[in-house]
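Going line by line, the protein sequences match chains U and X.
This note's numbering puts the last residue of the first sequence at 81; the count rises by one with no breaks.
This note's numbering puts the last residue of the second sequence at 1526; the count rises by one with no breaks.
Where is the CB? At the ideal position from N, CA and C, for every residue including glycine.
A short worksheet on the structure shown next.
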Amino acid sequence: MNALTEALTSFIQDEIVIDDVIVEAETDLLLTGAVDSLGVIRITHWMEETAGVAVDPGDVTLENFQTVTKMAAYLDARVSA
Amino acid sequence: MDAVSLSTLLSEQAMQRADAPLIVDVSRTWTYEDVAAAIRQVATALHLVGIAPGDRVGVHCNKGAEGFIGMHAIVSAGAVAVPLDPGSPAARLSGICERMQIDVIISHAPRKKTLVEMHAIRPLRHLIGLDAPADGIAAIGPDELALLDGTNPVDASPDDRAYIITTSGSTGEPKGIIHTHASGLAYADMTVRNYGMTPNDRVSDIAPHHFDISTHSLWSVPRAGASNVVISEPYQRLPASHSQRLQDEAVTFWYSVPFLLHQLVLRGDLANRDLSALRWVHFGGEVISANVIAEMMSHCPNARFANIFGPAETNQSTLSVIDEPPSADDPLSIGFPVDNTEVVITSVGADMPTEQNRVGVGEKGEMWTHTPQLMEGYWDNPERNEHVLKNVDGKRYYRSGDLASVDDSGELSFFGRVDHQVKVRGFRIELEGIELELEQLDGADHVVVGILRAQSGEDELVAGLLGLSDDFDEADFLRSAASVLPAYAVPTHTVRIDTPTFTGSGKLDRRALREHAVSIVKEPAK
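Here it is in structure tokens:
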């Protein structure tokens, strides 16, 4: 896990998830309801502010946001782009 | 078709169009016969566990075929379906089960955790649709269901109870809105007739079952022989994936709360989508902003837009078809009553909707409706029923609590509520009810709850806390709140209020304090 993934995981665990779901790399955050619509928006804001990438609305999809692993892969691709 | 009740609606359609698609989900398409067969099996399971006509049975499912099948199986068995919000904590759901005497629930594996928690609070007698989630809970799982021979639906009478929608109440306890086979069917018939729904329609099935908008997909779609395209929760949270699904499934008919349209417009990447199959876009539940309509219109070349108005008690009361993008300062028209509904406006507080209590053209007053879509009444709440249901000249009227006026063409305008009911992302909330629940938690002597209205439609609740305990912990407080309130009613922000303000009569001035709490979040520098 790189530093960015770690920071993302703690952000989601501490700031987004309000019930007792434990956020792990492969937790399906959307199906479990751990992250709701507002949560998705706050995560994209976090990506833009903390990770410094511009998130295109067209990129906010199941393929990129279902798990921390997928979000991290998306961030990595954007950071190195 | 001659269905006179909801109980035979689906089986009759399955005889006409066995192989037509009814439920289109990502992983599977269910034909009318697939669904009818599954309904017969679940209804058989209900008989096996001793459910008799009139008994209440819960449905606790995420969006998808299981919930649809569960609701129909219950009404086809003559029992009363009570959808239980997947976003509500176990304590709240167990409270509903206690009040409505529910101990059998139709569910599925993804809801296991909540069901186990509910069982610990108030024992569940039988679960249907998933294997026993813990020792000591009896269950009829999917494999056993598949082995059951199906039973035919009972012939329910029009006035028999069919389903109960629970909604937030001002006392902190949810109200149960009881619909009969007749009132549910009157709604389905009205929508099919007025919107010309046909077997070719592919309808977005997006509202959770405990939300009354879902009756459109539950009853109207099979009544028309049309198909539901399931938009499950993950798609709702990701507008770009959601809009892709609307395009791929060539959805023709949309009905949702404005919040979801707003999300599509903001983040749905609509410039890169083809939504030309859409022919109706309906929205209701709360006020929508004019620019969302205008933006959505620019992406839907073949769709007509309509604002739907009416509480869960009466299903849909009025309709306003919007042909041109509205400007921001157009009056708040809610259109005209639908074809089976009569609306009258009385002076606010009038006891009966009699001729002499009605206000004149253009005057504001309280809205009453008379319609075959009207509920039987609230569950176990005779005082409330007496207050809102009145007979005049043999006609039953419902007191809506909405402030409205009517012009000389019969067009209605809406001006808000006579009480403290508000809408957050389309969900009905009584601020006093939430305040009462939060005041019962450890942490603060008094709590006020206000709404932070964001431009984007992402409304957030702000809890203003008075008289904080010394060891107050915000995270603990919000966790406790989430254990008693549905997800949409849990505050996003808490703020401390040091100096209470009082009304002339010495009571807490809740209205002013709510505004104050919201202003602290809006202008944190002060």
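Specify whether the stretch 54–72 of chain U and the stretch 1138–1153 of chain X touch according to this definition: at least 3 beta carbon pairs, one from each stretch, less than 8 Å apart. No contact exists between the stretch 54–72 of chain U and the stretch 1138–1153 of chain X.
Helix, strand or coil for Lys1526 of chain X, going by three-state DSSP, please let me know. With a pLDDT of 46 at Lys1526 of chain X, under the threshold of 50, the predicted position of this residue should be treated as unreliable, though the coordinate-derived value follows. Lys1526 of chain X falls in the coil class under three-state DSSP.
Straight-line CA distance for His1446 of chain X to Ile1231 of chain X? Cα to Cα, His1446 of chain X sits roughly 40 Å from Ile1231 of chain X.
Nearest to Thr1354 of chain X (by Cα), restricted to the options X:Arg1092, X:Asp1407, X:Lys1390 and X:Asn1291: Ranking X:Arg1092, X:Asp1407, X:Lys1390 and X:Asn1291 by Cα distance to Thr1354 of chain X puts X:Lys1390 first.
Leaving aside the five residues before and after Pro1239 of chain X along the sequence, list all residues of the same chain whose C-beta is less than 6 Å from its C-beta, in chain order. The residues are Gln1263, Leu1264, Arg1267 and Gly1268.
Can you confirm whether Thr1492 of chain X, when its beta carbon is compared against all beta carbons of chain U, has any partner nearer than 9 Å? So, interface residue.
In whole angstroms, give me the CA-to-CA distance for Gly944 of chain X and Thr1341 of chain X. Because chain X spans 1001 through 1526 in this model, residue 944 of chain X falls outside it and cannot be assessed.
Pick out whichever of X:Glu1313, X:Pro1311, X:Ile1334 and X:Gln1316 has its Cα sitting closest to the Cα of Ile1322 of chain X. When only C-alpha atoms are compared, the closest one is X:Ile1334.
Mapping DSSP to helix, strand and coil, what is Thr1215 of chain X? Note: Thr1215 of chain X maps to helix in three-state DSSP.
Quick one: Cα of Ser1217 of chain X to Cα of Gly1184 of chain X, how far? Cα-Cα distance, rounded: 12 Å.
Spatial distance of Ile1497 of chain X from Tyr1032 of chain X (CA atoms): So the two alpha carbons sit approximately 57 Å from each other.
What residue from U:Gln66, U:Asp28, U:Gly39 and U:Gly33 has the CA that sits closest to Ile12 of chain U's CA? For the residues U:Gln66, U:Asp28, U:Gly39 and U:Gly33, the minimum Cα distance to Ile12 of chain U belongs to U:Gly39.
DSSP bridge partner residues for Tyr1397 of chain X (one or two, in chain order): DSSP, once it has assigned bridges, lists X:Lys1390 as partnering Tyr1397 of chain X.
Neighbour list for Arg1267 of chain X in chain U, Cβ cutoff strictly below 9 Å: Going along chain U in sequence order, the residues near Arg1267 of chain X (Cβ under 9 Å) are Val40, Ile41, Thr44, Pro57, Gly58 and Val60.
Drop a sphere of 10 angstroms on the beta-carbon of Gly1426 of chain X, count the other beta-carbons inside from all chains shown, and report buried for 16 or more, exposed for fewer. Buried, since its Cβ has 16 or more Cβ neighbours within 10 Å.
Contacts around Val1388 of chain X, its chain only, beta-carbon distance under 7 Å, and the 5 residues preceding and following it disregarded: Within the same chain, Val1388 of chain X has close Cβ partners Tyr1398 and Arg1399.
Taking Cβ-Cβ distances shorter than 9 Å, what residues in chain U pair up with Glu1458 of chain X? Ordered by position in chain U, the residues that pass the 9 Å Cβ test against Glu1458 of chain X are Ser37, Leu38 and Ile41.
Helix or strand or just coil, what does DSSP make of Thr5 of chain U? Reduced to three states, the DSSP call for Thr5 of chain U is helix.
Against chain U, does Phe1502 of chain X count as a neighbour if the rule is that its beta carbon must be under 9 Å from one of theirs? Using beta-carbon distances, Phe1502 of chain X does not count as an interface residue toward chain U, since no partner is under 9 Å.
Beta carbon of Phe1414 of chain X nearer than 9 Å to that of Leu1332 of chain X: In contact: Phe1414 of chain X and Leu1332 of chain X (Cβ atoms closer than 9 Å).
Spell out whether any CB of chain A is found under 9 Å from the CB atom of Leu1046 of chain X. The chain inventory of the structure shown lacks chain A, comprising the protein chains U and X.
Below 7 Å CB to CB, which residues in the same chain sit around Met1001 of chain X once its five sequence neighbours on both sides are set aside? With a pLDDT of only 48 at Met1001 of chain X, under 50, the local geometry of the prediction cannot be trusted, and the value read off the model is given with reservation. For Met1001 of chain X, where only same-chain residues beyond five positions count, the Cβ hits under 7 Å are Glu1012.
Supposed contact pair Gly1401 of chain X and Arg1384 of chain X - C-beta distance, whole angstroms, cut 8 Å: Actually they do not touch by this definition, with Cβ atoms about 11 Å apart.
Does any residue of chain U bring its CB to less than 9 Å from the CB of Gln1527 of chain X? Since the first and last residues shown for chain X are 1001 and 1526, residue 1527 of chain X lies out of range.
Please check the pair Leu1438 of chain X and Ala1463 of chain X, which I expect to be a contact at CB under 8 Å, by giving their CB distance rounded to whole angstroms. That pair is a contact at about 6 Å.
Evaluate Asp1248 of chain X with the Cβ neighbour count: other Cβ atoms within 10 Å of its Cβ, from every protein chain shown; 16 or more gives buried, anything less gives exposed. Asp1248 of chain X sits exposed, since fewer than 16 C-beta atoms from the chains shown fall within 10 Å of its C-beta.
Expected contact under 8 Å - CB spacing of Lys1113 of chain X and Leu1130 of chain X to nearest Å: That pair is no contact at about 12 Å.
Skipping 5 residues on each side, what residues in its chain have a beta carbon closer than 7 Å to that of Asn1381 of chain X? Lys1175.
Write down every uninterrupted run of the beta strand (DSSP E) in the stretch 1304–1349 of chain X whose length is 3 residues or greater and which is fully enclosed by it, in chain order. Taking 3 residues as the minimum length, the beta strand (DSSP E) runs contained wholly in the stretch 1304–1349 of chain X are 1304–1309, 1318–1322, 1333–1337 and 1342–1346, in order along the chain.
Could you tell me which whole beta strand (DSSP E) segments of length 3 or greater appear in the stretch 1018–1075 of chain X? With a minimum length of 3 residues, the continuous beta strand (DSSP E) runs that stay inside the stretch 1018–1075 of chain X are 1021–1024, 1029–1031 and 1056–1060.
Pairwise C-alpha distance: Ala1077 of chain X and Val1154 of chain X: Going from the Cα of Val1154 of chain X to the Cα of Ala1077 of chain X covers about 6 Å.
Run through chain X and tell me which residues come within less than 7 Å of Phe65 of chain U, C-beta to C-beta. Neighbours of Phe65 of chain U on chain X, chain order: Leu1238.
Taking Pro1367 of chain X as the reference, which of X:Ala1404, X:Val1392 and X:Leu1466 has the closest Cα? The sequence as given places Met at residue 1367 of chain X; Pro does not occur at that position. It is X:Ala1404.
Between the CA atoms of Val1221 of chain X and Thr1371 of chain X - distance to the nearest angstrom: Whole-angstrom Cα-Cα distance: 21 Å.
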